[in-house]
Ligand SMILES: [Zn+2]
Ligand SMILES: [Zn+2]
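In our numbering, the protein residues as written are 1 to 146.
Put into structure tokens, the structure is as follows:
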């Protein structure tokens, strides 16, 4: 069994673990990610729910519904977004209901894969300059844009 990948928030109150293998890694440019993280884009990975654990600081976690049934969960002390999940009835793309999404930026160890795409390109900040050749997609996994 591979050892878990650990993650922690800026202040250290909230800690999570992911059991690899992860399902994906990609850069999301949607407006919700941009505002929630106050950043140009967010690099996400994910694992099936049963391989995610909130191991410390559950009482510090605020669960913000950024869209119906989609909960962005952040440390109420320092603000780090630690994970996101969908309630089953609101998962709008395949497997989303069973997946917990974790920002790669809060992980401590190396991830088991490199980010391989940009998604939600239709909402990308116009001021961000791309410097890679990764494929860019409309929405999550739909049509490739360039
Ligand atoms: Zn914190
Ligand atoms: Zn996003």
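Idealized CB from N, CA, C, for every residue including glycine.
Keep in mind it's a predicted model, so treat the numbers as computed, not measured.
The three-state secondary structure of residue 14, taken from DSSP, is coil.
Under the three-state reduction of DSSP output, residue 70 falls in the strand class.
Secondary structure of residue 106 (DSSP, three-state): helix. Looking only at 127, 33, 23 and 17, the smallest Cα-Cα distance to residue 58 is reached by 17. Under DSSP, the beta-bridge partners assigned to residue 53 are 17. In summary, residue 107 is buried, with 16 or more beta-carbon neighbours lying within 10 Å of its beta-carbon over all protein chains present. With respect to residue 101, residue 44 sits close: the two C-beta atoms are nearer than 8 Å. When rounded, the separation of the alpha-carbon atoms in residue 86 and residue 13 is 23 Å. Proximity annotation: ligand 1 has residues 9, 10, 11, 13, 14, 75, 77, 78 and 80 in chain order, each selected because its CB is closer than 6 Å to a heavy atom of the ligand. Taking a 10 Å sphere around the C-beta of residue 34, we find 16 or more other C-beta atoms and assign the residue as buried. Counting only residues whose CB is nearer than 5 Å to a non-hydrogen atom of ligand 2, the list in chain order is 28, 30 and 33.
When the beta-carbon positions are compared, residue 72 and residue 66 come within less than 8 Å of each other. Relative to residue 125, the option among 97, 77 and 42 whose CA is nearest is 42. Between the C-alpha atoms of residue 27 and residue 111 there is a straight-line separation of about 14 Å. Between residue 83 and the set 3, 36 and 30, the nearest pair of CA atoms involves 36.
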